[in-house]
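Only one structure is covered here, and it is reproduced in the block below.
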Ligand code: ATP
Ligand code: MG
């Protein structure tokens, strides 16, 4: 199974993101369907069910022993990565808890046999894929609040028409306020 840890925006937030996006940008690249909008914390890749099961046990243990608070994010920055043609929306700054979560999840994934991720973490929600040039700067600066409620483990399924994500399990976090 192809899996990753991430944050699923609630429906209202997902709609706010896609509405803002659709007001800003004309065609160019492939817009991510509203149901697919998400923020990846740590990518696992292909893992066996038994390994995923054990991984979940380790996440249980970690969150049982530590108080990890939910992140409140202000999505107020857009970016473009020419290498993979991704145009994204993310926070300019983010709370330490997000880095703590990513550090631990990367560590747990590596010990489960996933490829170690060395890239610096830039929290982002992908808006468009396959942009071959930088989209125009947004006319209206974004400022969309994304409140994390939980850490979700997603399965990523390749479908004929694209990709679909499915939450396998999720761990609620204590609210940060
Ligand atoms: P597709 O690959 O079919 O175009 P996708 O990239 O959304 O769709 P996945 O490749 O399963 O689907 O990726 C799931 C999530 O993990 C996405 O947010 C993706 O950006 C991220 N991701 C994928 N590969 C990596 C990687 N090697 N390192 C970090 N994040 C990754
Ligand atoms: Mg991919």
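In the working numbering, the protein residues as written are 70 to 246. Ideal placement from N, C-alpha and C gives every residue a C-beta, glycine not left out.
Query	Result
Residue 203 versus 167, 176, 147, residue with shortest Cα-Cα distance	147
Own chain partners of residue 94 with C-beta closer than 6 Å, once the 5 adjacent residues on each side are dropped	204
Residue from 106, 100, 239 whose Cα sits closest to the Cα of residue 81	106
Buried versus exposed call for residue 187 [16 or more other C-beta atoms within 10 Å across all chains shown]	exposed
Closer than 7 Å: residue 186 CB and nearest the ligand ATP heavy atom	yes
Reduced DSSP category for residue 254 - H, G, I as helix; E, B as strand; rest coil	Here the chain covers residues 70 to 246 and nothing more, so residue 254 does not appear.
Contact belief for residue 74 with residue 108 at Cβ below 8 Å, rounded distance in angstroms	Contact flag wrong, Cβ pair sits at about 10 Å.
Spatial distance of residue 163 from residue 237 (CA atoms)	26 Å
Three CB pairs or more closer than 8 Å across the segment 205-212 and the segment 124-134	no
Cα-Cα separation, residue 193 to residue 136	24 Å
C-beta atoms of residue 76 and residue 213 nearer than 8 Å	no
Cβ neighbour criterion (16 or more within 10 Å) applied to residue 183	buried
Whether residue 152 touches residue 98 by CB criterion (8 Å)	no
Residue 119: first and last residue of the uninterrupted alpha helix (DSSP H) it sits in	118-134
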